[in-house]
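For reference, the structure is listed below as structure tokens.
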Amino acid sequence: MAKKKITNNGDAVQLENEKTRKLEAFVADGPGEKLTTNHGVKINDDQNSLKAGDRGASLLEDFILREKITHFDHERIPERVVHARGSGAHGVFKVYEDLSDLTRAAFLCDPGIETPVFVRFSTVAGSRGSTDLARDVRGFAVKFYTQEGNFDLVGNNMPVFFIQDAIKFPDLVHAVKPEPDNEIPQAASAHDTFWDFISQLPESSHMIMWLMSDRALPRSYRMMEGFGVHTFRLINAKGESNFVKFHWKPLLGVHSVAWDEAQNISGKDPDFHRRDLWDAIEAGAFPEWELGVQIVPEEDEFKFDFDLLDPTKIIPEELVPVQRIGKMTLNRNPDNFFAETEQVAFHIGHVVPGIDFTNDPLLQGRLFSYTDTQLIRLGGPNFHEIPINRPVVPVNNNQRDGYMRQTINRGKTSYGPNGIASNMPQQTTAADGGFVSYNERIDARKVRARSRSFFDHFSQARLFLNSQSEAEKNHLIDAFSFELGKVKMIPIRQRMLGLLAKVDKALAAAVAYALGLHVQDIPMEELNNSVPADANIDDYTPIQKEGSIAISAPLSMANTVKDTISTRKIAILAADGVSGKALNNVKDALVAKGAIVHIIAPKLGEIISEEDQKIQVDESFLTAASVLYDAVYLPGGINSSATLEADANAVHFLNEAFKHCKAIAADESAMQVLEATYFYKKLPADYTEETVLKEGILVTDTVSKIMTLFERMIAAHRFWDREVPRKIPA
Ligand code: HDD
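So the sequence shown is residues 63 to 792, counted in our numbering.
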């Protein structure tokens, strides 16, 4: 029978998945009955240390005290040098159709196979305890526990990277991390060393566009895309290779928050993304992504005006469509953060037969880094034996010993070939599933160099910019102006403006205006870190090949999924005397569509409706904040409206929701509360369907209208177009 786990809200969740079953062997359920030492000796007094008299010194002989304190002293392991702050979840992946034409990876060839996965999302720059809402790249690492061993897809929520060669990774990370003299700022790229580095690194231009865009401020981990970034290879049973880019497409769409909102969330709830993921899974609203692939046949390797091996480039979806090949569902929270989310060790080099690498120089360097880092972080070469890292298939080899070895290998042989154990464990032929590297032809000189096909640093940065909506472009200008405005050294600001101008003169001019500077051209020779001494500057001018495009629709979040309100958080503001009928009708309608609705009142406890009903309050204006919600509803009721109108916190809640372009619906009888806001005068004069869906504001006396239109407003997520023309202080 399938095992079940009871979640916090009392629901039973199926635990019938192979990795989960394997983890069960290591789970300690409950606190246990009798307190013992680590060696099993029952403890008689855990409250007092052993002393020479009740007022005397503690005795060194007290092994119970010593063991407890020693273990405590060693509880922390080094945090990851990057991606230290993360959240994990278990789930499953299933392919839709047999892909054996493309790959021999068994988990991609049989729609009947359900592959367990563990996913860790993360920010990059901040420490373990930093805020979730930093402007940053998000890690999106997936461990597939396949029947042929573990496959780790260690990607990000942005499809390109800052650098083209792994040798620059330590420089990049040193530049973005807090500055070494004063360890300031935490989890932020808005400081001198980061922009000093970036402004001399033209290859980062494309990535910087993504980083300054709203993609760096996800609404939720559940609403982010994921990308494998590098071009990989899929290899079929005949040994044929196709290039592949991996994508994760969230079924809830890709959504972000506003920068001002992100900064506020960092104070109100620094665990915003972690909590959101945890709560959604506990509530049974399992996050889902489709795995997508862009396939490029070997013979098309040189067809594009960029190099497939260059990790600062995407393949625009218009040129090679993303085929959705399967679905991942995250359906179980970890039992223990440290044991699972902290100890999980991903490695880009963990591939299974049917998936292989390319010569992308960033990927090649990563192949070294990931095992190396675990050796220190997880204390030695046996980190693969930590339960979360173990594959679901047997591990047999002649590796032995080392710190923290768990396996007790019986027998005499730990070498091969051997006669004593009949040459076990044996190698497996390719036909039987043994891993064979792709038979790529290599004929080259050994050089420290970069291919000239990597030198067009600006075309795709421009493609990204041109593909953004007006609101998204404004956010980019604001982000650059903020970040460079925090840079103290003027020459760094100036140099960055020069680099930006190479992407887009109007963008550079707008940022220059905010910084009170003028754009000055920088000769490419000055940006010489990425240019070999003999390079011709003309190499930077892109060669337009057939099929080049100016705009790519999927790059804009304006074009994302906007047809669901599932798991969106809606605030209903109410006080004593609220119309219970309106409140409950709207609440029930939203909950029925999967939204999470909280009633927020001046104080916790209960409020009494105008119908004399008791209504349970979820949050007070002290514990809640508008930045933690996606939309607001204001039901009518004379006394409730009078109270809220006079409550500065309620009015601020509404102002802030308006400023962050959220959907706001109100009963006409609550108009007096709206009148107290800054945005009242900016409300549209009519409430036709068209105005409401453009402005995101609805005031009506018909509850049914609220229920139909409000839902569509929430699904639209944000009304960014009103941001600039209807700016208010809040
Ligand atoms: Fe990396 C962690 C993603 C380039 C070296 N990386 C790490 C994680 C993610 C990525 C998601 C966190 C995994 C987890 O949750 O445990 N890294 C990327 C992507 C890159 C990239 C998408 C570019 C395409 N990384 C990169 C380079 C190097 C590293 C070029 C070094 C040469 N990355 C590491 C690391 C980390 C790591 C130091 C820190 C902790 C860990 O590995 O386990 O080895």
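All C-beta atoms in this analysis are idealised placements derived from N, C-alpha and C, irrespective of residue type, glycine included.
Check your understanding: What is the DSSP secondary structure of Ala777, counted as helix, strand or coil?
Key -> helix
**Study point:** Distance CB(His714)-CB(Ala636) smaller than 8 angstroms
**Key:** no
Exercise for review: Starting from the Cα of Asp331, find the closest Cα among Tyr691, Asp763 and Asn528 and give me that residue.
Suggested key: Tyr691
Review point. With contact counted as at least three CB pairs below 8 angstroms, one residue from each stretch, are the stretch 311-331 and the stretch 399-419 in contact?
Key: no
Check your understanding: Mind checking whether Ile246 and Lys307 have CB atoms under 8 angstroms apart?
Key -> no
Practice item. Return helix, strand or coil for Met486, following the three-state DSSP convention. Key: coil
**Study point:** Start-end ranges of the beta strand (DSSP E) lying completely within the stretch 628-652, minimum 3 residues
**Key:** 631-635
Check your understanding: Taking 7 angstroms as the line, does the beta carbon of Ala203 fall inside it for any heavy atom of the ligand HDD?
Key -> yes
Practice item. Measure the C-alpha to C-alpha separation of Asp638 and Leu736 and round it to an integer number of angstroms. Key: 18 angstroms
**Study point:** Distance between Trp272 and Ile768 (C-alpha atoms, nearest Å)
**Key:** 36 angstroms
Review point. Is it the case that the CB of Tyr432 approaches a heavy atom of the ligand HDD more closely than 7 angstroms?
Key: yes
Practice item. Would you check if there are 3 or more beta carbon pairs closer than 8 angstroms linking the stretch 172-182 to the stretch 235-243? Key: no
Point to revise | Tyr477 - partner residues in DSSP beta bridges | key: Bridge partners of Tyr477: none, in fact.
Exercise for review: Within the same chain, show all residues whose beta-carbon is closer than 7 angstroms to that of Ala492, passing over the 5 residues directly before and after it, in chain order.
Suggested key: Val498
Exercise for review: Within the same chain, show all residues whose beta-carbon is closer than 7 angstroms to that of Gly478, passing over the 5 residues directly before and after it, in chain order.
Suggested key: Asn460 and Asn485
**Study point:** DSSP beta-bridge partners of Gly496
**Key:** BP columns for Gly496 are empty, so no partner.
**Study point:** Continuous alpha helix (DSSP H) stretch holding Leu745: start and end
**Key:** Neither: Leu745 is in no alpha helix (DSSP H) and is coded neither H nor E.
Exercise for review: Identify the continuous beta strand (DSSP E) that holds Asn717 and give its terminal residues.
Suggested key: No beta strand (DSSP E) holds Asn717; the alpha helix (DSSP H) holding it covers Ala710 to Lys721.
Exercise for review: Tell me whether Gly441 counts as near the ligand HDD, meaning its Cβ is closer than 7 angstroms to at least one heavy atom of that ligand.
Suggested key: no
Review point. Looking at the structure shown, is Pro616 part of a helix, part of a strand, or coil, going by DSSP?
Key: helix
Review point. If you compare alpha carbons, which of Arg284, Pro232, Phe305 and Asn647 is closest to Ser766?
Key: Asn647
Practice item. Starting from the C-beta of His519, find all residues in its chain whose C-beta is less than 6 angstroms away, skip the five residues before and the five after it, and write them out in chain order. Key: Pro264, Glu265 and Ser267
Exercise for review: Give the DSSP bridge partners of Pro359, in chain order.
Suggested key: Asn304
**Study point:** Residue range of the alpha helix (DSSP H) that includes Gln522
**Key:** Ser521 to Asn528
Review point. Who does Pro178 pair with in a DSSP beta bridge?
Key: Val154
Point to revise | Of the listed residues Ala777, Leu525 and Gly148, nearest to Phe334 (C-alpha basis) | key: Gly148
Point to revise | Validate contact between the stretch 221-234 and the stretch 419-436 using beta carbons, cut 8 angstroms, 3 pairs | key: yes
**Study point:** alpha helix (DSSP H) segments (min. 4 residues) lying fully within the stretch 194-259
**Key:** 231-238
Check your understanding: How about Thr435: is its Cβ closer than 7 angstroms to a heavy atom in the ligand HDD?
Key -> yes
**Study point:** Counted within 10 angstroms of its Cβ, other Cβ atoms place Pro140 as buried (16 or more) or exposed
**Key:** exposed
Practice item. Return the first residue and the last residue of the beta strand (DSSP E) that Leu760 is part of. Key: Ile759 to Thr762
Point to revise | Delimiting residues of the alpha helix (DSSP H) encompassing Glu668 | key: Per DSSP, Glu668 belongs to no alpha helix (DSSP H); it is in the beta strand (DSSP E), Glu668 to Ile670.
Point to revise | Tyr432 - containing alpha helix (DSSP H), residue span | key: Pro423 to Arg439
**Study point:** Backbone CA spacing between Asp601 and Ala146 [nearest angstrom]
**Key:** Low confidence applies to Asp601: its pLDDT is 49, below 50, so where it sits in the model is not reliable, and the reading given next is rough at best. Roughly 38 angstroms between the two C-alpha positions.
**Study point:** Alpha-carbon to alpha-carbon, Ile677 and Pro449
**Key:** 46 angstroms
Check your understanding: Can you list, in chain order, the residues of its chain whose CB lies under 6 angstroms from that of Val143, leaving out five sequence neighbours each side?
Key -> none
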